[in-house]
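If you read the sequences in order, they're chains X and P.
The opening residue of the first sequence carries number 1 in our numbering; numbering runs sequentially from there.
The opening residue of the second sequence carries number 1001 in our numbering; numbering runs sequentially from there.
Below is one structure, written out as structure tokens; comments come after it.
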Amino acid sequence: MPKPRSGVRAVAQGASPGLISSARQAAKRRQSFNLPPLRGCGIDRYETPALTRWAILSRRIVAKAVMSLLRLCEWLATTPGSIALHESSYLYLIVLSVHVLTLCLFVGTAAMIDLRLLGLTMQRVRVSEVMARLLPWTTAGFLLMVVSGTLLFYAAPLLRYQNIFFRAKMLMLVLAGINVWVFHTTVDRRRADWDSDPVPPRGARLGGALALVVWAVLIMLGRMIPYQVYWFDCNKQPQPAFLNMIAGCVTGSR
Amino acid sequence: MTLLQLFEWLQYSSLLTAMRNSTWIFPVIASIHLMGLALIGGSVLLVDLRLLGFGMRNQPLAELSRDAERWLVVSLAILLPTGIFQFMCFAATKYYYMKAFWIKMSALLLALLFTFIVQRRVVMAGDTHRDPVWNKLVASVSLVLWGTVAIAGRWIGLP
């Protein structure tokens, strides 16, 4: 029986979706990560040899990291668990549904805390009280989100890796974390001063508003992940180089 | 005009045909629907967890539910229009034959009636003179009804 070259079955047999998988082209792909010299970066290798060496090294490290991430995804896609989840009739859909419905618990309770920080709800309740009572539920929701989300990633590592919306979503998650960290290290340090204010100070309101925006964008990006195939796909080359770059498509000509 | 004819009319109207031809409109509307889902989850949980003795359990019930109800109404104002748009985006007649759709709609109707008639009366009366078992019962019914709406809604979208 001939080996299928693309599709779910091919992925199950070790092919990588969105990647060109013949041996010759795999070798070419490895070569393509040997980056071109530092032309046009304003670094002259005769005037500043140390800086040049450092620049080359750091670029190689980044390229290696990207490459090993890609290899990791390729390897993950071949593990039995990933294939089973990918090809399951119900399990994948159950995990997906859990991920979506946990929105109510995670973003729902988080949004209530953010609305309190904006002074738009529970004005007569102290901020500390709202946080102490609701954050455990938010945390539980977050854990459920992370577990189900990880499983969704594990079901199709390469498809997610090469999905622009997935990448943007991960970036937004980092931004969400930074927002929480900044809030807790700045305005939240002085929470005692404004704990019972109906409308908290500007810094706290800003934190709450940013968090709400981040949740909304995260939800939208997450919903968009399966829709990428309608307008962009690493398998359908040629594509604009910019799209190939942000989606992390591996093409022979890079 | 029967219900099926209404759905057919919706399906073939020119605005909706244009909407169906766009690959963007549907996921964008679905995302906004999900944002509404998150918000309604928060406001329903706020009251129901309180009734069950979790969450904001030290707050007066009536006050808390007034706060939550405002955001419940806001989330419904997001969910209902986007829900109707989603319904109209694809073949409306498809939903006519879909069990999950009718389960969701019936559960939604029941949930709305229960929340705005029964539960509201219970929470506005406060929790001083009542057996806490009643609070727990009301919260459980509310959670089951809204949960059915959510799960049936998810079921509509499954292949």
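Glycine residues also receive a C-beta, built at the ideal position from the N, C-alpha and C atoms.
Values in this document were obtained by computation on a predicted structure and should not be read as measured data.
- Contact annotation: Gln162 of chain X and Cys249 of chain X have beta-carbon atoms nearer than 9 angstroms.
- Interface residue (Cβ-Cβ distance to chain P less than 9 angstroms): Ala111 of chain X is classified as such.
- In this structure, the straight-line span from the alpha carbon of Ala1068 of chain P to that of Met1019 of chain P is close to 34 angstroms.
- Taken through DSSP and simplified to helix, strand or coil, Met1124 of chain P comes out as helix.
- For Ala1030 of chain P, the nearest beta carbon of chain X is closer than 9 angstroms to its own beta carbon.
- Legend: CB atoms of the region 155–167 of chain X lying less than 8 angstroms from CB atoms of chain P are not found in any residue.
- Within its own chain, the residues whose Cβ lies closer than 8 angstroms to the Cβ of Leu1003 of chain P, once the five positions on either side in sequence are excluded, are Tyr1096, listed in chain order.
- The distance from the Cβ of Thr102 of chain X to that of Leu134 of chain X is about 15 angstroms, inconsistent with a contact at the 8 angstroms cut-off.
- When the Cα atoms are used, Lys169 of chain X and Ala1125 of chain P turn out to be separated by approximately 44 angstroms.
- With its beta carbon at least 9 angstroms from every one in chain P, Met170 of chain X lies outside the interface.
- Contacts with chain X (Cβ-Cβ distance below 8 angstroms) from the region 1059–1071 of chain P involve Gln1059, Glu1063, Leu1064, Asp1067, Ala1068, Arg1070 and Trp1071, listed in chain order.
- Following the DSSP letters along the chain, one finds Pro238 of chain X in no alpha helix (DSSP H), marked with neither H nor E.
- Between Gln239 of chain X and chain P, the shortest Cβ-Cβ separation is not below 9 angstroms.
- Put simply, the CB of Ile1103 of chain P is far from chain X, with every gap to its CB atoms at 9 angstroms or more.
- Going by DSSP, Gln1086 of chain P is part of the alpha helix (DSSP H) stretching over Leu1061 to Cys1089.
- Flagged as an interface residue toward chain P: Glu129 of chain X, by a C-beta distance shorter than 9 angstroms.
- Taking the Cα positions, Gly1053 of chain P is about 12 angstroms away from Trp1134 of chain P.
- Around the CB of Asp114 of chain X, 16 or more other CB atoms lie within 10 Å, so the residue is classed as buried.
- Listed along chain P are Glu1063, each with a C-beta nearer than 8 angstroms to that of Arg124 of chain X.
- Counted as a single uninterrupted DSSP element, the alpha helix (DSSP H) harbouring Asp193 of chain X occupies residues Arg191 to Trp194.
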